[in-house]
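Chains as they are written, first to last, in this note's numbering: chain A, -10 to 173; chain B, 1322 to 1503.
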């Protein structure tokens, strides 16, 4: 019996060590990334249809967490195929040259119950900027739900070239909203 | 012949200008391909103008409910009175249906209306791709119907002015003609 018990213990320890190293599994159907922009003061929220998120989060050791998100820029959907094609063009996302936008965390710090402060590098259209934003975490049906908003300045990423640099039509500030549902 | 009341005349002509301007802007903006500054600007102006017409139409309907319009010319046959009355009812319905279909089309497309870029108007529903496609067609065809009925309305008015010479059109002209009001 003793060798069997030892083996069992080793398996459990091994499995849990493995579990800590493997990031949470993202439930894409219950996750979303969208951007809210303002044109002539009209707020419009539109989703990115294709993205992947990888979150490595242990509630017991939040500071050891890691997160990365990759978004397919051409999947931005403002509800009309013609408009979507426009937004993928050079003046906006330039999806042909920069198909992906990404975020990679550099540090995640606990900031009270269910709250984290996330810092990291946001890369869009070939430009990288350091960003910091608050993130909330809550458990929902055995899964972890991460939610947050990240305000950015679109011109810092050269999104909207030429006449679109004029922010009186489309505001410089854009809020990226996300909700990622993930389970171990 | 008695004329329409001053508020009725003012509202009629403001709405006439509003409908022609908004309709024209609608044709121009939908003709622009892609997304341009001009297209965004015209589209917002079109929405503000449409909301303005809707508000004026509401005022006008209220006024109409409490103020009877002046009599038709005595020699007007019954079928013409019936046709004129029917056309006026349809025009009233469309003065509401056209801007409302546009408003909900905009909401279904996920674009709320911010009046003059300052006053956010009620977001009565969220984005809905299916309704958006439906309302786009509804808004377009209601407009075509309105354009046809306005043309008929104008032709009939000029028939009264030039053929019948019965003073019916003068009841609504902005300035009373000396002959009518000596």
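Glycine is no exception: its CB is placed at the ideal position from the N, C-alpha and C atoms. Bear in mind that the values here come from a model prediction, so they are computed numbers and not experimental data.
Who does residue 138/A pair with in a DSSP beta bridge?
Residue numbering aside, residue 138/A sits at position 149 when the first chain is read from its first letter. Residue 138/A pairs with 166/A.
Which listed residue (1485/B, 1477/B, 1329/B and 1445/B) has its alpha carbon closest to that of residue 1383/B:
Within the second chain, residue 1383/B is the residue found at index 62, counting from 1. Nearest C-alpha to residue 1383/B: 1329/B.
Would you check if the segment 66 to 79 of chain A and the segment 99 to 114 of chain A touch, i.e. whether three or more CB-CB distances between them fall below 8 Å?
no
For residue 1450/B and residue 18/A, the rounded distance between their alpha carbons
Within the first chain, numbered from 1, the residue matching residue 18/A stands at position 29. Within the second chain, numbered from 1, the residue matching residue 1450/B stands at position 129. So the alpha carbons of these two residues sit roughly 19 Å apart.
Please work out which residues of its chain come closer than 6 Å, Cβ to Cβ, to residue 111/A, disregarding the five sequence neighbours upstream and downstream, and give them in chain order.
As a working mapping, residue 111/A is identified with position 122 in the first chain. Here the set comprises 92, 118 and 120.
Within 10 angstroms of its Cβ, does residue 47/A collect 16 or more other Cβ (buried), or is it exposed?
Residue 47/A sits at position 58 when you count from the first residue of the first chain. So residue 47/A ends up on the exposed side.
Neighbouring residues, chain A, relative to residue 1432/B (Cβ below 7 Å):
The residue you call residue 1432/B lines up with position 111 of the second chain. The contacting residues are 31 and 33.
Distance cutoff 8 Å, beta carbons only. Does residue 129/A sit that close to anything in chain B?
Your numbering for residue 129/A matches position 140 in the first chain. Not one chain B Cβ lies under 8 Å of residue 129/A.
Amino acids of chain A, ordered along the chain, whose beta-carbon sits closer than 9 Å to that of residue 1355/B
Counting from 1 along the second chain, the entry for residue 1355/B is found at position 34. Correct list: 71, 72, 74, 75 and 78.
Neighbour flag for residue 1372/B against chain A, beta carbons, 8 Å:
Residue 1372/B sits at position 51 when you count from the first residue of the second chain. Not one chain A Cβ lies under 8 Å of residue 1372/B.
For residue 119/A, report the span of its alpha helix (DSSP H) as first-last.
Locating residue 119/A in the first chain gives position 130, counting from the first residue. Careful: residue 119/A lies outside any alpha helix (DSSP H), inside the beta strand (DSSP E) at 116 to 129.
In angstroms with no decimal places, state the Cα-to-Cα distance between residue 52/A and residue 14/A.
Numbered from its first residue, the first chain carries residue 52/A at position 63. Numbered from its first residue, the first chain carries residue 14/A at position 25. If you take the alpha carbons of residue 52/A and residue 14/A, they lie about 19 Å apart.
Helix, strand or coil at residue 1445/B according to DSSP, with G and I counted as helix:
Walking along the second chain from the start, residue 1445/B turns up at place 124. Coil at residue 1445/B, not helix or strand.
Which term fits residue 1440/B, buried or exposed, when burial requires 16 or more other beta carbons within 10 angstroms of its beta carbon?
Counted from its first residue, the second chain places residue 1440/B at position 119. So residue 1440/B ends up on the exposed side.
Kindly indicate the opening and closing residues of the beta strand (DSSP E) around residue 111/A.
Walking along the first chain from the start, residue 111/A turns up at place 122. For residue 111/A, the enclosing beta strand (DSSP E) starts and ends at 104 to 113.
How close, in whole Å, do the beta carbons of residue 23/A and residue 36/A come, if the pair is a contact with beta carbons under 8 Å?
What you label residue 23/A is simply residue 34 of the first chain in a count that begins at 1. What you label residue 36/A is simply residue 47 of the first chain in a count that begins at 1. Indeed they touch by this definition, with Cβ atoms about 4 Å apart.
Hey, does residue 68/A have any beta-carbon neighbour from chain B nearer than 8 Å?
Against the first chain, residue 68/A aligns to sequence position 79. Chain B contact via Cβ: present.
Does DSSP classify residue 1472/B as helix, strand or coil?
For this step, residue 1472/B is matched to residue 151 along the second chain. Residue 1472/B: helix per DSSP, three-state reduction.
Under a Cβ-count criterion, where at least 16 other Cβ atoms within 10 Å of its own Cβ denotes burial, should residue 1367/B be classed as buried or exposed?
Position 46 of the second chain, counted from the start, is the residue given in the question as residue 1367/B. Under this definition residue 1367/B is a buried residue.
Which residues share a DSSP beta bridge with residue 89/A?
Within the first chain, residue 89/A is the residue found at index 100, counting from 1. Paired residue(s): 61/A.
Going along chain E in order, which residues have a C-beta closer than 7 Å to the C-beta of residue 1453/B?
Protein chains in the displayed structure are A and B, and chain E is not among them.
Below-8 Å beta-carbon distance, residue 158/A vs any chain B residue:
Residue numbering aside, residue 158/A sits at position 169 when the first chain is read from its first letter. It does; some Cβ of chain B falls within 8 Å.
Identify which residue in 123/A, 78/A and 16/A has its Cα closest to the Cα of residue 100/A.
Position 111 of the first chain, counted from the start, is the residue given in the question as residue 100/A. Ranking the options by Cα distance to residue 100/A, first place goes to 123/A.
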